[in-house]
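The structure appears right after this line, and notes come after that.
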Amino acid sequence: MIRMGFNDDVTAAAERIAAAEEVTIISHIDADGITSEAILAEAVQRAGIPATTHYIRQLDPLTIRTVPEDRSLKVFVDLGAGQQNLLEERGLTVDEVLIADHHVAQPATLPYQQVNGVPYGHTRLSAAGVAYLIAKEMDRKNTDLASVAVVGNVGDMMARETLGLTGIARTIVDDGVANGSIRATARDLNCYGTSTRPIHVCLSYNDDPLLPGISNDINGSLRFLQKVGVPLKTRDGRWRVWEELEPDEKRAITSALVQQLLAHGEPVDRLFAETYVFPNEAARTPLRNASEFATVLNACGRWARPLVGSAICRGDRGTQYREAEYMLNNHRTIIRELLTYIIETGVTELSHLQYLHVGDRFPDTIVGIGAGMALSKLNWRKPILIMCTLPDDPTLTKVSMRTNEWAVRQGVDLQAVLTAASATIGGAGGGHPIAAGAFIPHDVEEEFVYCVNRLLGEQFAVPDQNHR
Ligand SMILES: [Mn+2]
């Protein structure tokens, strides 16, 4: 049988797994990796096949040694496509490898079987989406995992640019809507925390779009909402959350926000996005919508407990969920401490960049998040770069960069900047236009920072084609 398209790759992968006697899943510790693993592990278990999981921070010469030398089928998810040479070096044969990924594939000598939307132009489908399609192909009953796949896709920023999931990822939403596990709302408020945060807090944290007089100003946000006149508390005095407002109350607030943006000459297009709520989850918990659920999983991953996140994806709402809640609180406390540290210590400003070295005071896994939060409180026009030392390798420095939609519209692309700057000094960088990271030798930090500043200057200088 000749196999030609993406669907054929999905079918071939499902057949391959179903025929395996034993499966080893190797996955990444972020929300997309955790959801991908959970979906596949669940599908494999339901098929009656024994499965073992290995979570790794990244696939490199060190971590590849955790891949067992046995006769199991090794399924690499959310990683592997770009590191096929490592698989070869490890001596993994074509017979024992399957890759389900969404990263650009590296040319390899061995023709490892792969499922990846990228070569077919499906660039907004994360690994969780790929894993879901395989699971669904194994058994239609696995469509109950659609919401988990949506968490992975949203957590991996597949919905950010397009203000909602599109293409194949959007068809997964349809599966969840059909079985009642997902409520999709078109043109809902594009804001984080709509299931758990008081509305004024929610709006004051928003930076995409920046809301004049509201973003970064919790009192301003409260005054704005009081003027709109929607009751912000319930009868018994609890703050209401966005998700529980009536449609006409939501409309009153979004119309006022549109007026506020227009009055300041700001575009309104990013105020609305399609959102995904999970009605079967308890109200006002972080599992209630896709983006907050993804944060829970990222917290598990960043504090080295990805299996706790996986258990939650597979339905645990008991011990493992309480563990995750504790981690999420701890995660937020440390991020607040990091944010305070950045603001109080202050950044050094160059012409197109602001930067700070936080040493070994904070875990490197959260420095990027802190950078993103600090940006809106500092000079938001200049991308921020935070460096930290790595506890397990003092010769390396981890670099995290963040910018905002405004700068991206001006032509800034942090992934391009960090990839180019790293290449000149023997480091490695990657990520997205709005958020990216790199590892560099620690003795070239200063040189690196100046190189990044120069490259940003060039990007800011190019007239933006999409400029309205
Ligand atoms: Mn991913």
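Using the UniProt record's numbering, the letters of the sequence shown correspond one by one to residues 1 to 468.
C-beta atoms are modelled at their ideal positions from N, C-alpha and C, and glycine is treated no differently.
Keep in mind that this is a model prediction, so the values were computed, not measured.
State the start and end residues of the unbroken beta strand (DSSP E) segment that holds Pro-394. 393-402
Burial state of Tyr-326 (16 or more Cβ within 10 Å): exposed
Hey, quick one: how far does the alpha helix (DSSP H) through Gly-457 stretch, first residue to last? 445-461
Would the C-beta of Ala-127 count as close to ligand 1, meaning under 6 angstroms from any of its heavy atoms? yes
Distance, Cα to Cα, Gly-431 vs Thr-171? 26 angstroms
Pro-306, enclosing alpha helix (DSSP H) - first and last residue: 306-313
What runs of the beta strand (DSSP E), each 3 residues or longer, lie entirely inside the segment 29-115? 51-56, 73-77, 97-100 and 113-115
Using 6 angstroms as the cut-off, classify the Cβ of Asp-70 as near or not near the heavy atoms of ligand 1, replying yes or no. no
Taking just the CA atoms, how far does Asp-174 sit from Glu-244? 23 angstroms
Grouping DSSP H, G and I as helix and E and B as strand, with all else coil, what is Met-387? strand
Inter-residue Cα distance where the pair is Ser-255 and Phe-224: 12 angstroms
From the DSSP output, in three-state form, read off Asp-364 for me. coil
Entirely enclosed beta strand (DSSP E) segments - the segment 136-209, minimum 3 residues: 183-189
Euclidean distance between Cα positions of Thr-66 and Glu-42: 22 angstroms
Which partner residues does His-357 have in the DSSP bridge list? Met-387
Quick test of the definition: if touching needs 3 or more C-beta pairs under 8 angstroms, does the segment 293-308 touch the segment 204-213? no
Any chance the CB of Asp-8 is under 6 angstroms from a heavy atom of ligand 1? no
Start and end residues, alpha helix (DSSP H) containing Phe-301: The question names Phe, but residue 301 is Gly in the sequence shown. Residues 290-302.
With DSSP as the reference, label Thr-424 as helix, strand or coil. helix
Start and end of the beta strand (DSSP E) containing Glu-21? Taken as a continuous stretch (DSSP letters only), Glu-21 belongs to no beta strand (DSSP E), as it is neither H nor E.
Could you check which residue in Leu-385, Asp-360 and Ile-369 has the C-alpha nearest to that of Asp-393? Asp-360
Should Lys-136 go down as buried or exposed, given a rule of 16 or more other Cβ atoms within 10 Å for buried? buried
Per DSSP, which one or two residues make a beta bridge with Phe-439? Lys-398 and Ala-428
Just verifying my parser: in three-state terms, what is the DSSP assignment at Glu-266? coil
Tyr-326 - containing alpha helix (DSSP H), residue span: 319-345
Mind the definition here: the segment 19-35 touches the segment 140-155 only if three or more C-beta pairs lie below 8 angstroms; say whether that holds. yes
First and last residue of the uninterrupted beta strand (DSSP E) at Val-277: 272-277
Rounded to the nearest angstrom, how far is the Cβ of Phe-448 from that of Ala-421, given a contact under 8 angstroms? 6 angstroms
Closest by CA to Thr-397, which one among Ile-386, Gln-410 and Tyr-55? Ile-386
Can you tell which of Val-241, Val-452 and Leu-203 has the C-alpha that lies nearest to the C-alpha of Asp-217? Leu-203
On a Cα-Cα basis, can you pick out the residue from Leu-62, Val-23, Arg-381 and Ile-56 that is closest to Val-44? Val-23
Under the rule that 16 or more other beta-carbon atoms within 10 Å means buried, what is Pro-107, buried or exposed? exposed
Please work out which residues of its chain come closer than 8 angstroms, Cβ to Cβ, to Leu-271, disregarding the five sequence neighbours upstream and downstream, and give them in chain order. Leu-189, Asn-190, Pro-209, Thr-254, Leu-257, Val-258 and Leu-261
Hey, quick one: how far does the alpha helix (DSSP H) through Ile-434 stretch, first residue to last? First-last for Ile-434: undefined, no H or E at that position.
Let me know the secondary structure DSSP gives Ala-12 once reduced to three states. helix
Would you tell me roughly how many angstroms separate the C-alpha atoms of Gly-164 and Glu-274, rounded to the nearest one? 5 angstroms
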